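One structure below.
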Amino acid sequence: MQKIILHFDMNSYFASVEQQANPFLRGQPVGVCATLTKQGCIIASSKEAKAFGVKTGCRAEEARILCPAIKLVEVDPPKYHSTTQRIMSICREYTSDIELYSIDEAFLNLTGLVKSFSAAFKLGREIKARIRRELGECLSSSTGIAYTRWLAKFGSDTAPKGGIVTITPANRLAHLQGRELEQAWGIGAALAPRLQALGIQTLDQLAQYSPINLLEIFGIRGYELWANVNGLELGGLQTRELPKSIGHSHVLRCRTRDVNFHKSLILRLAERAGRRLRALGLEAHSVYAHANFELLGGLGGSQKLFEPLTTTQKFFRYAWNMLAPGVTKDTPKFFAVGLFDLRPLSGQLSLFSKPKPERLLKALDEINNRYGEEVIAQGELVGLDKHHAPDRIGFRKTVGVDI
Ligand SMILES: [Mg+2]
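The sequence shown runs 69 to 471 under our numbering.
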């Protein structure tokens, strides 16, 4: 069966969503800023602003020099997330085999769903048209259709804005012909000169170069480059599954016997895990907590719960009960707390306990997700310096599995 992958990438996504939301911004140069200050950075610009040279990373004051008429708006992540969710629900009407690669990019596996590249092209056009019809005319996308994941993304990266490019085994080499190395997904400014030093100037030359030489010079990375441009599938779609556990740990830089300090630290770790649990729409049926102590060594364990858990407070109480015997006697060196046995929210909580302030929790999570970690926090966390157990979840190019 012919493998067919579709990749789409929304054009000038954040700026387009803002233009869709506010008709006064349509057709105007728009810059979406991290903060509305002179030093604020442009994180997305509309195609009208790009025409003036306003790029991602530009400072707001530089953008105003390049394009005095630019309309600056502050970034609004919930708006982009909810638009992405609506785009994904359109995609899910066609296939459940989807890899959401970033907030504005996804791979759809159409293998078996359509029989030919031309049928995939029609489907791609339909999805694109539905996004515009159902979400708004400002939302355009570039699409690539091919027989590997890499070539599908290469197709949409090289497609004209709003267009569809199909790469088949028959036209692959022609599509690579004469293209600069840096147009390829995975070849950056550091790698391109090293390939050029071997006499490889274009992507078709890379495809025809000896894979053995590439393997010798660049290791497995070199072979992957060659395989990608030659249409050999290496990975396939990376669909995300629900996590098996959600946990946080911390090695203590500050060795102290201050029990309240440790309590706050454990609460911080519990809050972080609790917030992720709730963001994924899950409940936990088991918890674990471990600690290492200077004299006592390792201590802790796991516990199966009688009723599912969703709140930080409850998680913290279990974790504290398991760790308190050590924390009150010895100096801790390491903490790890986590939730496992995760299931989608059953709503069973109310059968066993008093109604929980679910809406309050949701509002707190939303505020913290939007304005930063611990903007609103439990009283015990106030005054606990941020460098103890800093947040190590970086800004990934992905959105949660709830999409
Ligand atoms: Mg994009």
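All residues carry an ideal CB built from backbone N, CA and C; glycine is no exception. Only a predicted model underlies this, so the values are computations on that prediction, with no experimental measurement involved.
Is residue 88 helix, strand or coil by DSSP? The DSSP-derived three-state label of residue 88 is helix.
Tell me the rounded alpha-carbon separation between residue 312 and residue 382. Per the coordinates, the alpha-carbon of residue 312 lies some 20 Å from the alpha-carbon of residue 382.
What residue ranges within the region 287-326 form continuous alpha helix (DSSP H) runs of no fewer than 4 residues, ordered along the chain? Annotation: the region 287-326 contains the following complete segments of the alpha helix (DSSP H) (minimum length 4 residues), in chain order: 288-297.
So, are the CB atoms of residue 109 and residue 140 less than 8 Å apart? Taking 8 Å as the Cβ cut-off, residue 109 and residue 140 do not qualify as a contacting pair.
Between the C-alpha atoms of residue 384 and residue 363, what's the straight-line distance to the nearest angstrom? So the two alpha carbons sit approximately 24 Å from each other.
Under 7 Å: does the beta carbon of residue 169 sit that close to some heavy atom of ligand 1? The answer is no for residue 169.
Give the straight-line distance between the Cα atoms of residue 164 and residue 188, rounded to the nearest whole angstrom. Taking the CA atoms as reference points, residue 164 sits about 16 Å from residue 188.
Expected contact under 8 Å - CB spacing of residue 350 and residue 413 to nearest Å: Contact annotation, residue 350 with residue 413: C-beta distance approximately 7 Å; criterion of less than 8 Å satisfied.
Assuming residue 405 contacts residue 330 under a Cβ cut-off of 8 Å, what Cβ separation, rounded to an integer in Å, is found between them? Rounded, the Cβ-Cβ distance is 12 Å, inconsistent with contact.
By Cβ distance, which residues of its chain are closer than 8 Å to residue 371, with the 5 residues on each side in sequence left out? So the list reads 354, 355, 356, 386 and 390, once near-sequence residues are dropped.
From what residue to what residue does the alpha helix (DSSP H) around residue 274 run? Its alpha helix (DSSP H) spans residues 271-275.
Using 8 Å as the threshold, is the region 167-186 in touch with the region 119-127, meaning 3 or more CB pairs across them? Short answer: they don't touch.
Taking the alpha carbon of residue 291 as the reference point, which residue from 325, 320, 254 and 225 has its own alpha carbon closest? Of 325, 320, 254 and 225, the smallest CA-CA separation from residue 291 is found for 254.
If you measure from the CB of residue 81, is any heavy atom of ligand 1 nearer than 7 Å? Yes - ligand 1 has a heavy atom lying nearer than 7 Å to the Cβ of residue 81.
By DSSP, does residue 411 sit in helix, in strand, or in coil? Residue 411: strand per DSSP, three-state reduction.
Can you list, in chain order, the residues of its chain with a C-beta nearer than 6 Å to that of residue 339? Leave out the 5 residues immediately preceding and following it. The answer, listed in chain order, is 380.
Cβ distance (whole Å) where residue 268 is taken to contact residue 234 below 8 Å: Approximately 26 Å separates the beta-carbon atoms of residue 268 and residue 234; this is outside 8 Å, ruling out the contact.
Output the distance between the C-alpha atoms of residue 95 and residue 327, rounded to the nearest integer angstrom. The straight-line gap separating the alpha-carbon atoms of residue 95 and residue 327 is approximately 59 Å.
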